[in-house]
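All residue numbers for the sequence shown refer to this note's numbering, where the first residue is 21 and numbers rise by one.
Ideal placement from N, C-alpha and C gives every residue a C-beta, glycine not left out.
The block underneath contains the structure these notes are about, expressed in structure tokens.
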Amino acid sequence: VWFWTLALGAILVVSGVLAIPTEVWGEMMRAQLLEAGQPVPEGIENQGDLFRVGGAIAAGVFWFVVAFVSAGLITGIFAFLLGDEVGYRQVLSVVSHTSLIGALGSLIVLPLRILQRDPQLTLSVGTFLPGLDGYAGAFFRGLDLFGIWSYLLLALALTRLDPRRGFGVAAAVLMTMFVGLVAVFAVFQA
């Protein structure tokens, strides 16, 4: 059972993107262009609907792609490298269910995104370490608290799929994967 759970998560995430006012999207795009030193086109603030709808479509598609790729990577690691008796569909189901934490987290953070006028705001380790810039800032901002919670719950679920696997090993493998991905993406955001 994975499709309807994954669809529910996508609906929650898309709803969170669409709930952000259009003027916030326009302000964000203007600020990003100024920060990059690029010219700001006339009336970009008025194109917030375009950014909002585009962001919602991208979030919905990305939600499914990330689930499929994550399930493939996790199945590969646990079934083929570690020898667990798990299949792709089982892992996809677990990934779909544990991803709901992140989807609900996007709705929980929604009022903060609106108040801070930042559609990309997350509740992360970096939230509690203000003032960090460059790679360190991007890295700690990437350590989303809902993502950490989701990965730890995923580790627990994997121990139920193959009882021979202990929680400590499953959590260590998944958290290493999560932190490694955050470290790689932080290079491009720094």
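Return the residue from the list the options that minimises the CA-CA distance to residue i.
i    : options                  : result
A122 : S170, G146, G92 and Y108 : A small fix is needed here, since residue 122 is Gly in this sequence, not Ala. It is S170.
V202 : A175, G186 and F160      : F160
T42  : L149, I64 and A30        : I64
Y108 : S126, A87 and L120       : A87
S116 : L38, L28, P131 and L152  : L28
V207 : F84, G154, R50 and A76   : G154
L26  : A91, Q136 and L38        : A91
G221 : L93, G46, F166 and A51   : Residue 221 lies beyond the range of the chain shown here (21 to 210); nothing can be said about it.
Q209 : A56, R50, W24 and A30    : A56
Could you check the C-alpha separation between residue i and residue j for me, to the nearest Å?
i    : j    : result
S35  : A79  : 10 Å
M197 : F98  : 12 Å
L124 : L32  : 7 Å
G68  : L149 : 30 Å
A158 : I134 : 21 Å
V211 : F82  : Since the displayed the chain opens at 21 and closes at 210, residue 211 lies outside it and no answer follows.
A192 : G162 : 18 Å
L143 : G96  : 30 Å
V21  : L181 : 14 Å
L112 : P61  : 43 Å
A156 : R72  : 29 Å
I77  : A39  : 13 Å
V106 : M195 : 19 Å
F84  : A30  : 7 Å
V114 : V145 : 25 Å
Q110 : L152 : 39 Å
T147 : F205 : 18 Å
L102 : W24  : 29 Å
V89  : F100 : 16 Å
Whose C-beta lies closer than 8 Å to the C-beta of residue i among residues of the same chain, with five residues either side of it excluded?
i    : result
P59  : L53
T118 : S170, Y171, L173, L174 and A177
V199 : L163
L16  : Only positions 21 to 210 of the chain appear in the structure, and residue 16 is not among them; the question remains open.
Ordered along the chain, which non-local residues of its own chain (more than five positions away) have a Cβ less than 6 Å from that of residue i?
i    : result
M48  : P139
S126 : V33 and G36
D104 : F98, D182 and R185
T179 : R185, F187 and A190
Given residue i, which residues of its chain have a CB within under 7 Å of its CB, disregarding the five upstream and five downstream residues?
i    : result
L141 : V129, L132 and R133
A51  : none
R137 : V44 and E47
Compute every distance between the C-beta of residue i and the non-hydrogen atoms of the ligand NAP, then say whether any falls below 7 Å.
i    : result
L135 : The ligand NAP is not among the ligands present in this structure, which contains no ligands whatsoever.
Handout entry: Secondary structure, alpha helix (DSSP H): runs of 4+ residues fully inside the region 101-173
Key = Those alpha helix (DSSP H) runs which fall completely within the region 101-173 and span 4+ residues are 108-118, 120-128, 130-136 and 154-162.
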